[in-house]
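This report refers to the structure that appears directly beneath it.
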Amino acid sequence: MKYMFDTEMTDRETMLVGKIVTLWGSFEGVIFQQILSTFPDVTGPSKLPKPMNGMQFTSILDLWRERVAATAAEAAREVLLRVYDRAVQLMPFRNALVHGMLVWGEDGISSLTSIRVRKNEVIRVKLMADDLADMMSELGEINYDVRWPNGHADRERALSEDGFYISRRGLAMLSGHDIANDWLDLTPPSGSTGGGS
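Going from the sequence shown to the numbering used here is simple: count from 1 and add 6.
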């Protein structure tokens with residue numbers, strides 16, 4: 007018989023954490039690609055700036071702000087600089103989720119607490135499920151804005167250049183694939199206040 011540890015997170019909390027992690031990873035990936043596009047003559051990793059070869063995303067984000075956001079056309083620049091500010095604000099909560107041990111009970115049954123140690127300091131961050139849903143939603147918006155800073159016009163132009171596109175969810179629904187049943191509504195209920203506390 008195998009014995010397994012259970013984090014005792016709800017299914018909703020677990021799904022929200024997973025969605026946040028994947029949205030953040032997607033955000034990091036597009037940021038990295040956009041920076042790479044500003045180095046057209048680079049032939050290998052050794053020719054890239056040091057932040058591009060390191061593990062510190064804050065350094066990569068700062069480089070993106072300098073090389074991509076700050077140099078974009080005016081309307082896009084405003085959106086991209088807001089993306090930078092929003093990402094910086096969300097980073098402590100992302101770090102709490104990814105680098106912390108999630109436990110319940112410190113503030114009652116309905117909340118999680120992320121506990122981690124950084125430079126000999128114990129850091130505790132309280133996270134409610136609705137906060138996680140708000141963060142997921144915010145990261146979805148950030149991912150959209152970083153790809154299409156001029157909104158729908160940018161997205162439509164990109165789609166017309168790429169040709170036909172159908173989302174994974176759309177394809178699953180149209181084809182009647184069993185995976186179509188795996189999409190759940192994770193949005194916060196109306197009236198939620200959001201933001202990690």
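Yeah, the Cβ is synthetic: ideal placement off N, Cα and C, and Gly gets one too. Note that this is a predicted model, so its numbers are computed, not measured.
Whether residue i touches residue j by CB criterion (9 Å)
i	j	result
L22	M97	no
W119	V131	Residue identity differs from the one stated: residue 119 is Thr in this sequence, not Trp. Yes, the Cβ-Cβ distance between T119 and V131 is below 9 Å.
V36	R124	no
I26	L138	yes
V89	A76	no
R18	A135	yes
R73	T44	yes
M58	F38	yes
V85	D151	yes
Exposed unless 16 or more other CB atoms sit within 10 angstroms - verdict on residue i
i	result
M107	exposed
H183	exposed
G24	exposed
I148	buried
I172	exposed
G202	Summary for G202: the model assigns pLDDT 44, below 50, so the residue's position carries little reliability; its value from the coordinates is reported in the next sentence. Looking at its Cβ environment, which holds 16 or more other Cβ atoms inside 10 Å, G202 is buried.
Q62	exposed
L180	exposed
I115	exposed
L42	exposed
L133	buried
L165	exposed
R175	exposed
Nearest neighbour of residue i, chosen from the options [CA to CA]
i	options	result
R100	A178, S43, R174, T28	T28
S32	H105, R18, Q62, L145	L145
M15	A164, L103, S43	L103
G157	R83, W70, F38, M7	R83
E80	L69, L165, V109, P155	P155
A178	G114, D151, D188	D188
Beta bridge counterpart(s) of residue i as assigned by DSSP
i	result
L138	Per DSSP, none; premise fails for L138.
G111	G114
S120	L108, V131
Whole-number beta carbon distance between residue j and residue i, since they are thought to touch under 8 Å
i	j	result
L67	A93	6 Å
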